[in-house]
Amino acid sequence: MKELGYYNGTIGELSEMMIPMADRVCWFGDGVYEAQLCRNYHIFTLDEHVDRLFRSAALLKIEVPMTKEELKRLLNELVQKMDTGDLMLYYQVTRGSGKRNHAFPKGPANLWVTLTPKTLNDSTEPVSLITDEDTRFLHCNIKTLNLIPSVMANQKAVEAGCYECVFYRAGGRITECSHSNVHIIKDGTLYTAPTDHLILAGIARAHLIKACKKLGIPVSETPFTLDDLQNADEIITTSSTNPCIRACKVDGKDAGMKREDLFMALHKEIIGEFLSDTAE
Ligand code: PDD
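Position 98 (the sequence shown) corresponds to 1468 in the working numbering; numbering is contiguous.
Laid out in structure tokens, this is it:
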């Protein structure tokens, strides 16, 4: 198949799949999701993403309609149906179906899966960023489908010709970006926001920290500010599809780009891990 859609056991070409209007996602965006890459039909970091899906679901009292092992088996089976093994794997669990009513419906949650062709972005070309105030809610650790502030911020970045929008809370503390985490290097140390309720604990972030430890780069999981971002030696964003991106501008002003050696070493380590774990 070229682009696959799965909904509660029904499989079809994505463009032909139909979703019942009573799915809670239509009323409330009531669900949680994961997005990750496959290469050569191997799903990279599957355990970590499935664990996070179950954590997000539990925080919202959504019961995933199968076990972790069953879900992993299903995802691996769906990947085998595709014409290419280089894919974006997206899946979400929504809180069942019913008439519009804030109270939880009875009955099982719904499982959606989509598979579309995609390759990893391993570019070392620096990108530009904008910043904007983080006006999201205080549950950013849960990977929910309620993403309107992120959509608005990302569109602002796109319209400014930039790659990402970096969020800061009132007072200047940097949290994360619209669809990635952000980190800085200053005086040889990697600073990354702690994994509290203000950011999503990114899987790519965890792998960046692992790469730092391997390379002997000190890591400080402490909050940093807009001022620190503007004066950083390097600025790096991470996400599962764009795992190690370097920035050269923040809000139109030159920034980062002072520790090419550290950036290139981290990039090599992170991309190398992806390539070796997904080799044929
Ligand atoms: N975005 N922070 C936010 C707000 C995100 O949406 C994402 C991922 C990340 C990085 O998480 P990870 O390293 O686990 O991919 C951080 C995905 C890719 C998306 O929404 O498409």
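Don't be surprised by glycine CBs; every beta carbon is placed ideally from N, CA and C.
These numbers come from a predicted model, not from an experiment.
Kindly indicate the opening and closing residues of the alpha helix (DSSP H) around M1634.
Taken as a continuous stretch (DSSP letters only), the alpha helix (DSSP H) holding M1634 covers 1630 to 1647.
In chain order, what residues of the same chain lie with their CB nearer than 7 Å to the CB of Q1450, ignoring the 5 residues before and after it?
Y1411
Would S1590 and L1570 be called neighbours here (beta carbons separated by less than 9 Å)?
no
DSSP beta-bridge partners for H1412?
BP columns for H1412 point to R1409.
Taking buried to mean at least 16 other C-beta atoms within 10 Å of its own C-beta, is N1358 buried or exposed?
Because the chain in this structure spans residues 1371 to 1650, residue 1358 falls outside the shown range and cannot be described.
Which of the three DSSP states, helix, strand or coil, is assigned to S1385?
helix
Quick test of the definition: if touching needs 3 or more C-beta pairs under 8 Å, does the stretch 1440 to 1457 touch the stretch 1593 to 1604?
no
Using 8 Å as the cut-off, classify the Cβ of T1608 as near or not near the heavy atoms of the ligand PDD, replying yes or no.
yes
Quick one: what's got a C-beta closer than 6 Å to A1581's C-beta in the same chain, skipping five residues either side?
Sequence-distant partners of A1581 (beyond 5 residues in either direction) whose C-beta falls short of 6 Å from its own C-beta, in its chain, are L1636, E1639, I1640.
Looking at the strands, I want to know which residues DSSP matches up with P1487.
L1457
Helix, strand or coil for L1499 per DSSP?
The answer is strand: DSSP assigns L1499 an E or B state.
Between A1563, T1565, C1396, which lies nearest to L1515 when the distance is taken from Cα to Cα?
C1396
If you draw a straight line from the alpha carbon of S1426 to that of R1506, how long is it in whole angstroms?
17 Å
So I1579 and R1422 are in contact, right, with Cβ under 8 Å, and what is the actual spacing, rounded?
Contact flag wrong, Cβ pair sits at about 16 Å.
Just to confirm, are A1530 and I1544 a CB contact at a threshold of 9 Å?
no
Can you pull the DSSP bridge partners for F1537?
DSSP lists D1502 as partners of F1537.
From the DSSP output, which residues share a beta bridge with E1404?
Y1461
Tell me the residue span of the alpha helix (DSSP H) that contains A1523.
1518 to 1529
Name the DSSP beta bridge partners of D1624, please?
K1619
Could you tell me if V1521 is buried or exposed, where buried requires 16 or more neighbouring beta carbons within 10 angstroms of its beta carbon?
exposed
Per DSSP, which residues does G1375 bridge with? Please list them.
G1382, T1484
For L1632 and I1587, believed in contact at Cβ under 8 Å, the rounded distance:
6 Å
Would the beta-carbon of D1453 fall within 9 Å of that of L1407?
no
Could you check where the beta strand (DSSP E) with K1438 kicks off and where it finishes?
Taken as a continuous stretch (DSSP letters only), K1438 belongs to no beta strand (DSSP E), being part of the alpha helix (DSSP H) at 1438 to 1449.
Can we count Q1525 as close to the ligand PDD, meaning its CB is less than 8 Å from some heavy atom?
no
Proximity to E1418 [Cα-Cα], best of V1620, M1634, R1575, E1650:
R1575
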